[in-house]
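Each residue of the sequence shown is one higher than the one before, counting from 1107 in the working numbering.
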Amino acid sequence: GWRSPDAGVVKITTDGALNLVEGRGGAGGVARSSTAFLGAWSKPYLGVSTDPLIIEAFSLREGVRFATLRGFLHVIIEVDCLELVTLWRTRHNSRSIVAPILNVTETWLAETPSFLVTSLLADCPGNALI
């Protein structure tokens, strides 16, 4: 389950969703500190795609955008897609269709000294750290 972040750290939980009938996806997220709710965001339209991995990557990107626009300095992003965490770790050597999304996402993190991507899955073998 969800655990509170350490003091001074913001945890953002993101999730993507697909509407297969319309062939499009959206995403949303919630930001919390160790003591408070810090805000939420939603992006009901992320473009035309029926690939869940692409939508999850865009969800991660939007979570990073949310964090950087608010000036959060120490951030953990939790996703529910272990494959995305693995691809984040290997994005510089990846030929995945989501690699360009992840590489652009990384450029937004220049002002964020501490950033971690992790999975909500209990069996996650590790975290992806910049």
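Glycine included, C-beta positions come from ideal geometry on N, C-alpha and C.
Taken through DSSP and simplified to helix, strand or coil, residue 1194 comes out as helix. When only Cα atoms are considered, residue 1126 and residue 1174 end up about 31 Å apart.
For residue 1210, the CB contacts under 8 Å within the same chain, skipping 5 residues up- and downstream, are 1167 in chain order. Assignment of beta strand (DSSP E) within the region 1125–1159, counting only whole runs of 3 or more residues, yields 1130–1138 and 1143–1149 in chain order. In this structure residue 1223 touches residue 1191 by the C-beta definition: roughly 6 Å separates them, less than 8 Å.
Minimum Cα-Cα distance from residue 1169 among the listed residues 1116, 1110 and 1111 corresponds to 1116.
Between residue 1133 and residue 1164 the beta-carbon gap is near 6 Å, inside 8 Å, which marks them as a contact. Residue 1148 and residue 1136 have their C-alpha atoms spaced approximately 9 Å apart. DSSP, read as helix, strand or coil, puts residue 1218 in coil.
If you look at residue 1210, you'll find it isn't in any beta strand (DSSP E); it sits in the alpha helix (DSSP H) that goes 1205–1213. Check the Cα spacing between residue 1128 and each of 1159, 1184, 1151 and 1162: the tightest is with 1151.
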